[in-house]
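Report on the structure given below.
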Amino acid sequence: FLYNTSENHKKLAVAAASMWKKTLDVDVVLENQEWKTYLDTKDQGNFEVARAGWAGDYNEPSTFLTLMTSSNTSAGTHYGSKEYDEIINKALTSTSQQERESLYVKAEEKLVEDMPIIPIYQYVRARLL
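Residue numbers (this note's numbering): 9 to 137.
Rendered as C-alpha cells:
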C-alpha cells in the first residue's frame with residue numbers, strides 16, 4: 009500500500025491494511041514515500057495499491073470522470089479504454105444536458121465494469137452558510 013508522507017495518510021493506510029487483513033486475510037505491506045518519490049513511483053506504475061485523492065474543481069461530473077481517460081496521466085492509474093474515452097468525448101461535446109447525464113452514467117458503468125480504481129472513502133467538510 010503506497011502512500012505519501014502524512015500522518016492522516018498513514019492512519020488511512022494502517023486502517024485499510026487492518027480491515028483487509030481481518031476481512032480478506034490479506035497481508036499488506038505499507039510503503040511510505042516523500043511526495044516527489046511517491047509521484048515518480050506512481051507514474052512508473054510500480055505499485056499494486058496506492059493512496060490518491062482528487063478534489064473536484066467545479067460542480068460537474070467531468071471534473072472526476074475525465075481523470076480516467078487514456079490521455080490523463082494525473083490519476084496515475086495507467087488505465088486506458090477506447091470505449092470509455094469515446095463516451096467521455098461525446099459527453100464533453102454534447103449540448104444536451106440530458107444526453108450528457110446519460111453518457112456520464114454510461115461512463116460510470118464502464119468504470120465499475122473495468123475497476124481501474126476503487127474509491128474507499130470521501131472527505132466530508134461541514135460549512136456554515
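In this text, a Cβ means the ideal position worked out from N, Cα and C, and glycines have one as well.
Leu10, enclosing alpha helix (DSSP H) - first and last residue
Careful: Leu10 lies outside any alpha helix (DSSP H), inside the beta strand (DSSP E) at Leu10 to Asn12.
Coil, strand or helix - Glu121 by DSSP
helix
Identify which residue in Ser14, Asp35, Pro124 and Thr31 has its Cα closest to the Cα of Gly84.
Pro124
Classification of Arg135 by the beta-carbon crowding that lies within 10 angstroms, buried from 16 upward
exposed
Using only the alpha-carbon positions, how far apart do Phe72 and Ser82 sit?
11 Å
Please report the Cβ distance between Leu119 and Lys98, rounded to the nearest whole angstrom; I am assuming they are in contact, meaning their Cβ atoms lie under 8 Å.
The pair is not a contact, with the Cβ atoms about 16 Å apart (cut-off 8 Å).
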